[in-house]
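Participant: This structure is in structure tokens; I'll ask about it shortly.
In our numbering, the protein residues as written are 2 to 177.
Dropping the structure here:
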């Protein structure tokens, strides 16, 4: 994984307009390239100002972008907040292989250990069963339901202290 760069815009746009990816990520809207530009620029700015943003996901010996994962500040109403959520998406050809769970786990660890965040949220649309499986594998717990842009979303949360406990248990159980 590596932080987004301007050269990623076309590959990310292609990923984000894929019917399987956009179904839940963009409420099934085909986003214009300008939206991808704005997201990449916002991520670059967020790394400068907050120490986190979005990363591309690629396999070690293959430069092809297969997904993304990252952290961003969010609100349900578009206002300013200190709440941070994790977002991720993987190309359909890589679904069911644990890519999202592994990448999201690495980002949670980064958020808690490097950025010293107290809480991290994850939201998903109720029909998005795959995202809920990832969220639950990460140890996140139900926080609240919300309606965003007319679409119901369910938010989960994990706090830094609980995540540390999970990491300690994993190391004692030799879970990798």
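Note that CB positions come from ideal geometry on N, CA and C, so glycine has one too. Just so we're clear, the structure is a prediction, and the values are computed from it rather than from any experiment.
Can you tell me whether residue 113 is helix, strand or coil according to DSSP?
Facilitator: The answer is helix: DSSP assigns residue 113 an H, G or I state.
Participant: Which same chain residues, not among the five before or five after residue 116, have their C-beta less than 7 Å away from its C-beta?
Facilitator: Contacts found: 52 and 53.
Participant: Check whether the region 60-72 touches the region 7-19, taking contact to mean three or more Cβ pairs, one atom from each stretch, closer than 8 Å.
Facilitator: yes
Participant: Please state whether DSSP places residue 6 in a helix, a strand or coil.
Facilitator: coil
Participant: Hey, how far is the Cα of residue 84 from the Cα of residue 156?
Facilitator: 12 Å
Participant: Hey, out of 57, 131 and 124, whose CA is closest to residue 7's CA?
Facilitator: 57
Participant: May I have the straight-line CA-CA distance separating residue 148 from residue 125, to the nearest angstrom?
Facilitator: 11 Å
Participant: Using the rule of at least 16 other Cβ atoms within 10 Å of the residue's Cβ for burial, across every protein chain shown, is residue 159 buried or exposed?
Facilitator: buried
Participant: Distance check for residue 86 and residue 129, CA to CA, integer angstroms please.
Facilitator: 17 Å
Participant: Grab me the residues of residue 12's own chain with a C-beta within less than 7 Å of its C-beta, minus the 5 sequence neighbours each way, in chain order.
Facilitator: 66
Participant: Distance, Cα to Cα, residue 10 vs residue 40?
Facilitator: 9 Å
Participant: For the beta strand (DSSP E) that residue 74 lies in, which residues bound it at each end?
Facilitator: 66-74
Participant: Taking all protein chains shown into account, do 16 or more other C-beta atoms lie within 10 angstroms of the C-beta of residue 90, making it buried, or fewer, making it exposed?
Facilitator: It is buried - the Cβ of residue 90 has at least 16 other Cβ atoms within 10 Å.
Participant: What do you reckon, are the CB atoms on residue 108 and residue 71 nearer than 8 Å?
Facilitator: In contact: residue 108 and residue 71 (Cβ atoms closer than 8 Å).
Participant: For residue 147, name the three-state secondary structure that DSSP assigns.
Facilitator: strand
Participant: Buried or exposed: residue 123, going by 16 or more other Cβ atoms within 10 Å of its Cβ?
Facilitator: buried
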